[in-house]
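So the mapping is simple: our numbering equals the position in the sequence shown, first residue as 1, plus 81. All C-beta atoms, glycine included, are put in the ideal place defined by N, C-alpha and C. Heads up, the thing below is written out as structure tokens.
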Amino acid sequence: RARGRLKWLLIAIAVIAIVVGAIWLIRSPVLSIRAVEVTGAVRSDPADAVVAVGMGQGTPTIDVDADTILAAVAADPWVATAEVAVSWPGRVTISVTERVPFASVRSGDGWVVTGADGAVVPESGPLIGAPTLLIDTGPVTSGYQIFNPLIIGALEYTSSLPDDLRRDAVVAAEDGGLVAEVGGHTVILGRPIDMKDKATVTATLLGTGLVDGAVINVVAPLRPAVANPQPQGEGEE
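The structure is reproduced here in structure tokens:
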């Protein structure tokens, strides 16, 4: 009996030792985060976001949650999309796609700069060589997502124009719709729908060599129209 008790005691001690050893190992530097690898970041700092949520180097890998890191990284206004992976024994991999300053949007007496998706980024405006939207978004700050359909439509339209036409494009609101100045011509856009098609038709018509002062109407992009300026009569200025 004494030998039997000793045997079970030794087994219990061994099991406890294994459990304690496993707990120590899983929370030891051996199985802790050793590297945080980031790709695609230029203006944002995903590595700093990892540290901010307490999951940087030295954190036991078992305590690191990819969703928590993803939320922290995505909170940066510069980050459009992000992917996070946590791998054993101790590596965090983050891949981000950043927004780029795309357009200047009127905001009260000043300007805000947005990405092509309407998210306000921490950049001073107005931009040079970028679309200008004369549609007041009101007082907004960096990180705000604009949902105004006129602004979103104007962004979709300008982002669909060729680079040479996009740079100096100006879009304003008029009578509940949109009107633009593109390539030296007024373009009547109407409601903010079918904006990619309207941009394609605009570029095509401008490529035909319109006369100065011609007005393009793409309210119905399948039936565009061009109105040439009326000739002035004698004595008119």
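- Separation of Thr120 and Val100 (C-alpha to C-alpha, rounded to the nearest whole angstrom) is 38 angstroms.
- For Arg247, the uninterrupted alpha helix (DSSP H) segment begins and ends at Asp244 to Arg247.
- In the structure shown, Ile150 adopts helical secondary structure according to DSSP, grouped into three states.
- Considered as a whole, the region 190 to 240 harbours 191 to 195 and 213 to 215 as its complete beta strand (DSSP E) runs of no fewer than 3 residues, in chain order.
- In the structure shown, the three-state DSSP call for Ala95 is helix.
- The C-alpha of Leu291 lies about 15 angstroms from the C-alpha of Pro312.
- Assignment of Ile114 by DSSP, reduced to helix, strand and coil, places it in the coil class.
- The three-state reading of DSSP puts Leu90 in helix, counting H, G and I together.
- For Ile297, the three-state secondary structure derived from DSSP is strand.
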